[in-house]
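Chains as they are written, first to last, in this note's numbering: chain A, 3 to 370; chain B, 19 to 403.
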């Protein structure tokens, strides 16, 4: 129970469904007061109090579980390492994979519980597959797609069949004070929302060049390649506009040389995506198959042919994507018209554009 | 339900509750000059006399406060402020004080540039009096105050307060003792102890929460924390809580009067519990001084288990106890007391405190023994995550 409305309603629904429920708030920082309150972040002392009050109202026992060390090792350190390697991690996904449905679930099972209930917006079908929530705006199946079938079997998502606004109304009728608490967004462990400052603080600053990918011309400088993401347009600090007057985007990041390459949007085109070792939520496949793929949380969906090969997945997109960052997850959903069951997921290693698109192997360096 | 957390708080004694309700119905500010005021004042003064008599103090030495924490803060800060000079700005404390003392001392160090010396303890949690003698010889002239608890709130170890006070007295240094866990549970004689001040709390001995007292020798001056109406020798302003004070006195008098027989009963019950826990969990470590300890305290480390997990499992089984560790925002930190005793961080995190009190029955310790094996088995599976 994070102290937000979703987990509170999820807990109340689990109780109503007849389960013997215990509320658990995760302490993810040794110094929770350094986390600010409000829409950004979570895990403040105030959030812990809100969660406790919700548990009181629901009538369930409540405990704080200290996961600060595990969270730091598995999520925060990974976040630093990924940026340092020129990739763009998704820490919420990592937290689900390593903390909520691993450390917490393992501990819960050992202590005699049957499952972990969360306020995520996703559904589990009768077939045991993870499916999108009915509220497309809130669907969180993407950040849960890293769960193994075993992890999934130990999970319950009571909110998947309900639109968010109805969850708030329900919280209100249940007398939960968090009914109108704003949604949290951004990264919970970056209290002020300043990701660049957070990374600089840990990884330091080091001056490097911003280079035109096509001509090799040096266009400007930056103070650390780890502050950039593939597809990023703002914050490049380039003084002169491009010759054709069109905006420029980050095309590649090479941490070894501390080099950032920029270019036009077409150069961000991606037709083929390669992942590392996939997680199969549905039965593992070996032959190529048609599917829908999603490349970021709440991102666009692309029809694609997915081929399991060489220990990873290769997705051939039928319509190109633009600005795909290594480190993000590629999530494979069943093909349209159903398209709502997660079949597999994998972390993006590299991307490729077809030769006719002009630039090839655009983000290859990022995965190196 | 089995409640084995009496060191956190213990129920009010029936006679204290009666005294509270009876007095709360009466009208009168103890500082008023009319008949109602005089009646209220009489209740307060009689309470003061009863507490003084029970604890070997003079009535004029009893200062009523709103909590044990307040009494500790008043002694530590008040006496330090009064005695400090340019060349005398050092507080000597121990590594195992309750936060009411430890954090007050730390605050003086952090915000008022006080020098702080922390006396180490041995494996059983006993203060190193040799280290005390050393610091007194080396820096006696710099020391404003020495503070040492009478009985430790976590592991129950008793400290030799008379011996400590005698060492300090040779250098003219006042000793404050936090006796919040001790009063009513072990014999406490203020005058005989040689302490300059002693803190007690109502709700640890069958009195009401929100009451406490500082016994402060008349010749020891303290700068007040609260300024106002000048009550309590102008050391603790604030309208006197007449019903709270009456109930506190009732509880202190009763607890002290019955202390010897009650502690005999608790020691038997506690020792039986300790033996049974050791039989069930042979690897369990019994922390604290096995001889010189609070009668109702049984403190264990259960290697390989997390204290928080054990607490939750026992709670679910209807047995309430404490991890005995400091807690901020619900995040357990390894106990500073156990760490000071040389316990490693994992064993410190695996500890539970069971504390027995005046209502505790054998049925309750039986309930713990019934629930403990399964709790330990599950907590071990969950491990120290």
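From the three backbone atoms N, C-alpha and C, an ideal C-beta is built for every residue, glycine too.
DSSP has residue i in a bridge; who is on the other side?
i, result
"residue 186 of chain A", "DSSP, once it has assigned bridges, lists no residue as partnering residue 186 of chain A."
"residue 318 of chain B", "B:304 and B:370"
"residue 123 of chain A", "Answer is none; residue 123 of chain A lacks a bridge partner."
"residue 317 of chain A", "A:275 and A:308"
"residue 175 of chain B", "B:311"
"residue 106 of chain B", "B:103"
"residue 282 of chain A", "A:346"
"residue 212 of chain A", "A:222 and A:262"
"residue 335 of chain A", "A:294 and A:344"
"residue 133 of chain A", "A:125 and A:343"
"residue 354 of chain A", "A:274"
"residue 25 of chain A", "A:64"
"residue 133 of chain B", "B:108"
"residue 169 of chain B", "B:176"
"residue 324 of chain A", "A:271"
When you compare each of the options to residue i by their alpha carbons, which one comes out closest?
i, options, result
"residue 263 of chain A", "A:120, A:231, A:7 and A:243", "A:231"
"residue 175 of chain B", "B:357, B:328, B:310 and B:332", "B:310"
"residue 291 of chain A", "A:324, A:276 and A:309", "A:309"
"residue 91 of chain A", "A:344, A:329, A:334 and A:355", "A:329"
"residue 114 of chain B", "B:368, B:186, B:306 and B:283", "B:306"
"residue 139 of chain B", "B:105, B:260, B:177 and B:152", "B:177"
"residue 211 of chain B", "B:74, B:23, B:104 and B:363", "B:74"
"residue 328 of chain B", "B:394, B:84, B:60 and B:231", "B:394"
"residue 288 of chain B", "B:83, B:299, B:110 and B:372", "B:372"
"residue 112 of chain A", "B:323, B:214 and B:259", "B:323"
"residue 342 of chain A", "A:141, A:78, A:61 and A:80", "A:141"
"residue 314 of chain B", "B:110, B:326, B:334 and B:374", "B:374"
"residue 128 of chain A", "A:145, A:222, A:158 and A:103", "A:158"
"residue 4 of chain A", "A:11, A:233, A:49 and A:22", "A:49"
"residue 30 of chain A", "A:243, A:75 and A:12", "A:75"
"residue 70 of chain B", "B:61, B:80 and B:62", "B:80"
"residue 239 of chain B", "B:120, B:94, B:68 and B:225", "B:94"
"residue 1 of chain A", "A:59, A:270, A:198 and A:336", "Residue 1 of chain A lies beyond the residue range present for chain A, which begins at 3 and ends at 370; the question has no answer from this structure."
"residue 246 of chain B", "B:49, B:29 and B:33", "B:49"
"residue 110 of chain A", "A:323, A:25 and A:60", "A:25"
Closer than 7 Å by beta-carbon distance: list the chain A residues that pair up with residue i, in chain order.
i, result
"residue 327 of chain B", "113"
Show which residues of chain A have a CB atom less than 8 Å away from the CB atom of residue i.
i, result
"residue 330 of chain B", "24, 63, 65 and 113"
"residue 396 of chain B", "112, 113 and 114"
What in chain A is Cβ-close to residue i, meaning under 9 Å?
i, result
"residue 333 of chain B", "63 and 65"
Beta carbon of residue i, beta carbon of residue j: below 9 Å?
i, j, result
"residue 150 of chain B", "residue 137 of chain B", "yes"
"residue 350 of chain A", "residue 316 of chain A", "no"
"residue 27 of chain A", "residue 54 of chain A", "yes"
"residue 163 of chain A", "residue 136 of chain A", "yes"
"residue 234 of chain B", "residue 215 of chain B", "yes"
"residue 159 of chain B", "residue 189 of chain B", "yes"
"residue 295 of chain B", "residue 390 of chain B", "yes"
"residue 84 of chain B", "residue 362 of chain B", "no"
"residue 265 of chain B", "residue 226 of chain B", "yes"
"residue 77 of chain A", "residue 191 of chain A", "yes"
"residue 106 of chain A", "residue 160 of chain A", "no"
"residue 385 of chain B", "residue 325 of chain B", "no"
"residue 88 of chain A", "residue 257 of chain A", "yes"
"residue 164 of chain B", "residue 192 of chain B", "yes"
"residue 294 of chain A", "residue 336 of chain A", "yes"
"residue 334 of chain B", "residue 26 of chain B", "no"
"residue 21 of chain A", "residue 116 of chain A", "yes"
At a cut-off of 8 Å, would you count residue i as near the ligand HEM, judging by its Cβ distance to the nearest heavy atom?
i, result
"residue 57 of chain B", "In the structure shown, the ligand HEM is absent, as is every other ligand, since no ligand is present at all."
- Item | Stretch pair the segment 96–107 of chain A + the segment 145–154 of chain A: three plus CB contacts closer than 8 Å | A contact exists between the segment 96–107 of chain A and the segment 145–154 of chain A.
- Message: Closer than 8 Å is the cut-off here; do at least three beta carbon pairs connect the segment 263–277 of chain B with the segment 214–221 of chain B?
- Response: Yes, since at least three Cβ pairs between the segment 263–277 of chain B and the segment 214–221 of chain B fall closer than 8 Å, the two stretches touch.
- Query: Counting Cβ pairs, one atom from each stretch, are 3 or more of them under 8 Å apart for the segment 163–173 of chain A and the segment 187–203 of chain A?
  - Reply: No, the segment 163–173 of chain A does not touch the segment 187–203 of chain A.
- contact_flag[the segment 249–257 of chain B, the segment 102–116 of chain B] where n(CB pairs < 8 Å) is 3 or more: Segments in contact, no.
- Query: Within the chosen definition, does the segment 263–272 of chain A reach the segment 237–252 of chain A through at least 3 CB pairs nearer than 8 Å?
  - Reply: As far as the Cβ criterion goes, the segment 263–272 of chain A touches the segment 237–252 of chain A, which means the pair count is three or higher.
- Query: Okay, do the segment 164–171 of chain B and the segment 197–212 of chain B touch, 3+ Cβ pairs below 8 Å being the bar?
  - Reply: Between the segment 164–171 of chain B and the segment 197–212 of chain B there are three or more inter-stretch CB-CB distances shorter than 8 Å, so the stretches are counted as touching.
- Query: Any contact of the segment 59–71 of chain A with the segment 204–212 of chain A, i.e. 3+ C-beta pairs under 8 Å?
  - Reply: Verdict: no, contact absent.
- Item | Three-pair Cβ contact test at 8 Å for the segment 175–184 of chain A versus the segment 214–228 of chain A | No: the two stretches stay apart, fewer than three of their Cβ pairs being nearer than 8 Å.
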